[in-house]
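Below is one structure, written out as C-alpha cells; the observations come after it.
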Amino acid sequence: MIKLPQNLVEVQKQVIQVAKKCGLDFYDTVFEMVTYEQMNQIAAYGGFPVRYPHWRFGMEYEQLSKSYQYGLSKIYELVINNDPCYAYLLEGNSFVDQKLVIAHVYGHCDFFKNNMWFSQTNRKMMDVTANHATRIRRYMDRYGVDEVENFIDCCLSLENLIDRYSPYEAISYDLSKTEKEESSNINNKIFSDFRLKTSNPYMDRYINPPEILEREKNKFDQKKKEDQHYSFEKDVLKFLINEAPLESWQQDVLTIIREEAYYFAPQGMTKIMNEGWASYWHSKMMTEHLCTDAEIIDFAQAHSGTMAMSPTGFNPYKVGIELFRDIETRWNKGQFGKEWSECNDVQTKKHWNTRAGKGRERIFEIRRDYNDVTFIDEFLTEEFCVENKMFVYKFDKKTNQFVVDTRNFKAIKQKLLFQLTNFGQPTIHVADSNFENKGELLLSHAFEGIELQPDYMKETLSRLAQIWKRPVNLATVLDEKPHLVKLNEEGFHFKEINTK
Amino acid sequence: MSIKKDHNRFRDIVKGRIKENFQKYLTQEEMIGKQEKEFVKIPIPRIKIPKFSYGPKQSGGVGQGQGEAGEGTGEAQSEDGKAGNSEGQHLTEVDVSIDDLAEILSEKLELPRIKPKGQQKITSEKTKYTGIAPIGPPGLRHFKRTYKETLKRSIATGTYSAKNPVLLPIKADYRYKSFKVVEEKQTQAAVIYIMDVSGSMGKEQKKIVRMTSFWINTWLKHNYKNIETEFIIHDAAARIVDEETFFSTSESGGTLISSAYKITEELLNKKYKTSEWNTYVFQFSDGDNWSGDDTKICIETLKKSFLPYVNLFGYGQVESRYGSGQYLKDLDKEFDGQENLVTSLIKDRMGIIEAIKAFLGKGN
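Residue numbers (numbering that gives the first Met the number 0), protein chains in the order written: chain B, 0 to 499; chain C, 0 to 363.
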C-alpha cells in the first residue's frame, strides 16, 4: 500500500475544501493506493486489513479475483466507517475516475459520521478487528484450528439473528434496573407472606425466627430461578452468550461474531441512502466545482456506469440519488405539507412552486435521521416509480423465469419495504429457553408470508443444536401450515401445529 | 498477503468437497487426455454458510426497466443469489489441476504406493552432503567453515592481529560436512498400457477403458516422476501409439490379444529389461478374443514372459454387449492365486473407481 501521489493529494485538498463549503462534515480521511489484488483482499475482509482467520474470506477473495480477471467486476473504492476513515483507491484508474471516487468517499464519510444509525458503531473498529484476530488466533493455537473454525462456522450461521434496533434502545434495555426493583418488591412480599401472624409483637422473633424466614426465602428464590426463563429475546446471539453451556473461549468467539455483526448492521440498514448520498455529492461536486471542461465527458461516462439499472437487480446508487434529488426539488418548490397533500388538482400540483427553498436543508436532515426503511416509506412517490420505470417481479413456475408482476405503486412500495425490513432476513427470536420444561430451546419465526429455505433451515438448526447442546425447536410455517420443527438426538421431527 | 492462508484453507475445503463426490468427476470425459499440470474446471455445489433465509423462488423483488406485466425480465437467475437460485442448481466452478486430482484420488481410495518386486524399493535412498555440523569424522572436515569460525572467535576475543594472522582452531571451531538421507523416486519404472479397440468394443466401453487408464496413468505419473509409459492399441493387429492417440483413437476389426502381447514381450525383452526396470502392464478389453487358440498363446506368453518378470499385470474387462467376456474367466481359472496378476470387471462407469482400487491397491 502506498500513499497518494502528489497530484491526487492536490485533488484531495480541493475536494475537502469544496465538500466543507457544501456543508459536509466528516472525520479525517486517510487514502491509500492499492493494487487490485490488495483491493480484493481488503474487500474480502469486509474493508479491514486484518480479520480473524476464516475460510470464507478466502472464498470471497477467490470470487472477487475471478470476477476481476474475467472483467466482470472491478472495485473502484472502499471506505471504512472508522475515525479516521480509511479509503482505498485502485491503482491505475484514470485521473478523472480517482477524482470522482475521492469526492464519492467524502460523501460516505459524512454519512458515517452524521447518520444516527451509525452513532452506536465503534469508530475504532480497525483496532477492534485486529484484536479479534489476535484473540481467535490464540484460541486456535490453544484448542486447535479445526475446533475453533467449526465453532466459528456455527456462530456465523446464526450471525443474522441479532436485534438491529437494540443499540438505539439503551434505556428500555437496562434490564438490571427493573429486575432489581421487581425483586425487592417480591422480597418484601415474601417476608410478609411467610410471616406467621401474631398479635404480640414481642412474640414475633419466636414465632417467625429470622433463619426460618431466610430459609423460606431461599427456597422461593430457587424456585423462581428455575421458573425464570427467557420468553422473548430478539437478540439470539446475546441470549446464547448468556445462556448456552459454552466454554469461556466459545463465549468469547460468539461475542466477537456478535460485535462484528452489530458493526456491519447499519451499513445494511442504509445501503440505498448511503450510496445515494455519496453519489448525489460526487455528482454535485464534480459538475459544479471539480471537473475541468476536458474532464466532464469522462466523468459522465463513469457516473452513468455506476447508475446503470438492470431488470432484476435493484441499483441502490440510482434509486438513492434520484430520491435525494426528488426530495430536494420538492422541498425547494414547497411541494410538501398539509396544503400540498390536500390539493387534488393535477394542474395546480404540476406547477406548484412556493419558492420555499428548503431542499438542501431537508436532505441534510434526512441523512441524519433516516434509514432505508423510513426513507422509502416516507419519500417514495408514485410519480417517482413511474419516472424510474420500477416494477415488482416474481418467479413464474410455468416458464421458469422471473416475470414482471405489476407496476402498481402500492405493490412496489410494499415489496421494497418488505425487502428492507430486517434486510430481507426472516425475523426469528427466542421464544422459550426451557421449552416443555425440558431445557430445550424454542425459536419462533415471525411469519411474514414467506417460508424459510428448508435445507438451510435444517442445517442452521443442527448448528444451533451444537451450541445449545440440547434439542432445539423452531416454530415456523412449512407448506403453508404452521409447524413445529424439533431437532433432537434422533433427528428432525416435523409436527403440524393446530391453530384453532 | 494474509488472505493467502484463508484462501488456501478454502481451497482445502473445496478439495474435500471434490473428494466427497469424486466418483462423479472421475467419469467426466473432458478430463481424459489432459496433462498433469493442466487445469480442469470442476463444478461443485456452492459452499455457503447456512442461515435462516427466505426460500428463493417465492420471493421476487423490485426491478427497474421496460416490460408489461407477465413479460419475462430476461433473467432466469440473478447473480447475487438473492433470488432465483435454489440449492442444488447453485454451482460454482473451481479450477483444479489434474495433479491435485491425482492427489485426491489417492487419498480417496487410500491407495498405497506400489511396492515393486523383491526387496527393492521404488524410492531409493541417497545421501546428499548439504549441511554443516559441529561434530563429525576428520575426513569430512570443512576447511573454509572451520577457518571462518576460528576467525570469528579470535576477532571476538581480541587475539587476532592483522600483522600476524595466525589462527589456531580449537575443538569448538571445527565444522564438518553433514549429509542428509534423501529419498529419490526411482525412475526405472515402465508402464505399458494395452487397449482393445476392436469392433466389439462399443463407444461406452472405450470411454470407460480410457477413463480407467487415464486415471491410473495420472496417478502413477503423480507419484513417480520420470516414469516411462508405452501405449499399445490392438484389434487384430497391434501397434505402439503415443499418449494422445491412445486416448482418442477408435478403430474396428477383429481381436487378437496375442498381437499386443507380442509387442509387449518385445518391449520387455529389449527396451525395459526386467532386470533393470520395474514394469507394470495394464490391459483393457471386453474379454472377447478371436479364438481359444489365441487365448492359449496369450496364457503361454503370460506364464513364460510376463508374470515371472513384471511387478504387476492388471487386466480390466469392460462389459460389452457383443463381447463374450471369456478372457477374464480364462485368466482367473489359469492364474488363481497368482500374486502379481490382478483382474477386475468394470461393469459401468461407477465401476471405474473399484478397478483402480483393485489395480493400485495391490502390492501391499
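Note that beta-carbon positions come from the ideal geometry of N, C-alpha and C, so glycine has one too.
- Contact with chain C is absent for Phe378 (chain B), since none of that chain's Cβ atoms lies less than 8 angstroms from the residue's Cβ.
- Its chain contains Ile41 as the residues whose beta carbon lies nearer than 7 angstroms to that of Pro48 (chain B), once the 5 sequence neighbours on both sides are disregarded; these appear in chain order.
- Assignment of beta-bridge partners to Ile345 (chain C) by DSSP yields C:Val317.
- Taking a contact as a CB-CB distance under 8 angstroms, the pair Ile41 (chain C) and Tyr24 (chain C) counts as one, their CB atoms being some 6 angstroms apart.
- Met268 (chain B) is classed as buried because its beta carbon has at least 16 other beta carbons within 10 Å across all chains shown.
- At the C-beta level, Ile193 (chain C) and Ala259 (chain C) come within 8 angstroms of one another.
- Here Phe334 (chain C) carries a coil assignment [DSSP, helix/strand/coil].
- Secondary structure note for Arg238 (chain C): its beta strand (DSSP E) is the uninterrupted segment 237-240.
- Asp152 (chain B) reaches chain C at Ile48, counting residues in chain order whose Cβ is nearer than 7 angstroms.
- The Cβ of Pro315 (chain B) sits no closer than 8 angstroms to any Cβ of chain C.
- When the beta-carbon positions are compared, Leu155 (chain B) and Ile320 (chain B) stay at least 8 angstroms from each other.
- Any Cβ of chain B closer than 8 angstroms to the Cβ of Glu70 (chain C) would place that residue at the interface, and such an atom is present.
- With fewer than 16 other Cβ atoms from the protein chains shown falling within 10 Å of its own Cβ, Glu210 (chain B) counts as exposed.
- Contact check for Asp404 (chain B) against Val391 (chain B) passes: the beta carbons are separated by less than 8 angstroms.
- The region 197-214 of chain C makes contact with the region 314-324 of chain C; the number of CB pairs closer than 8 angstroms reaches 3 or more.
- If you look at Phe390 (chain B), you'll find it in the beta strand (DSSP E) that goes 389-395.
- Counting only residues of its own chain and dropping the five nearest sequence neighbours on each side, Gln97 (chain B) has a CB closer than 8 angstroms to the CB of Leu7, Val10, Leu88.
- Excluding sequence positions up to five before and after Phe178 (chain C), its CB lies within less than 8 angstroms of the CB of Thr126, Lys127, Tyr128, Thr129, Gly130, all in the same chain and listed in chain order.
- Glu439 (chain B): not part of any alpha helix (DSSP H); member of the beta strand (DSSP E) spanning 439-445, first to last residue.
- Contact annotation for His6 (chain C) against chain B: Gly57, Tyr60, Glu61 [CB-CB distance below 7 angstroms, chain order].
- Neighbours of Val61 (chain C) in chain B, taken as residues at a C-beta separation under 8 angstroms, are given in chain order as Phe313, Met389, Phe390, Val391, Tyr392, Ile411, Lys414, Leu415, Gln418.
- Your pair Ala43 (chain B) and Glu31 (chain B) does not check out as a contact, with CB atoms roughly 17 angstroms apart and the cut at 8 angstroms.
- If the five residues before and after Ala243 (chain B) are omitted, its C-beta is found closer than 7 angstroms to the C-beta atoms of Ile466, Trp467, all from its own chain and listed in chain order.
- Of the candidates B:Lys317, B:Lys414, B:Gln346, B:His350, the residue whose Cα lies closest to the Cα of Asn331 (chain B) is B:His350.
- Under the three-state reduction of DSSP, Gln63 (chain C) is assigned to strand.
- In the three-state reduction of the DSSP assignment, Tyr128 (chain C) falls in the strand class, which pools E and B.
- Against chain C, the beta carbon of Tyr455 (chain B) has neighbours under 8 angstroms at Pro49, Lys50, Phe51, Ser52, Glu86, listed in chain order.
- Listed along the chain, the chain B residues whose CB falls inside 8 angstroms of the CB of Gln204 (chain C) amount to none; the nearest CB is some 37 angstroms away.
- Restricted to the region 37-103 of chain B, the beta strand (DSSP E) segments that are unbroken, complete and at least 3 residues in length are 76-79, 84-89, listed in chain order.
- For Asn80 (chain B) against Met38 (chain B), the beta-carbon gap comes to about 18 angstroms, at or over 8 angstroms, which does not count as contact.
- Tyr53 (chain C) sits in a strand when the DSSP states are folded into three classes.
- With contacts defined as CB atoms closer than 8 angstroms, Asn273 (chain B) and His107 (chain B) qualify as a contacting pair.
- When DSSP states are grouped into helix, strand and coil, Leu473 (chain B) belongs to the strand group.
- Relative to the Cα of Lys303 (chain C), the nearest Cα in the group C:Ser105, C:Lys205, C:Lys261 belongs to C:Lys261.
- When 8 angstroms is used as the limit between beta carbons, Arg141 (chain B) is near no residue of chain C, the shortest such separation being about 18 angstroms.
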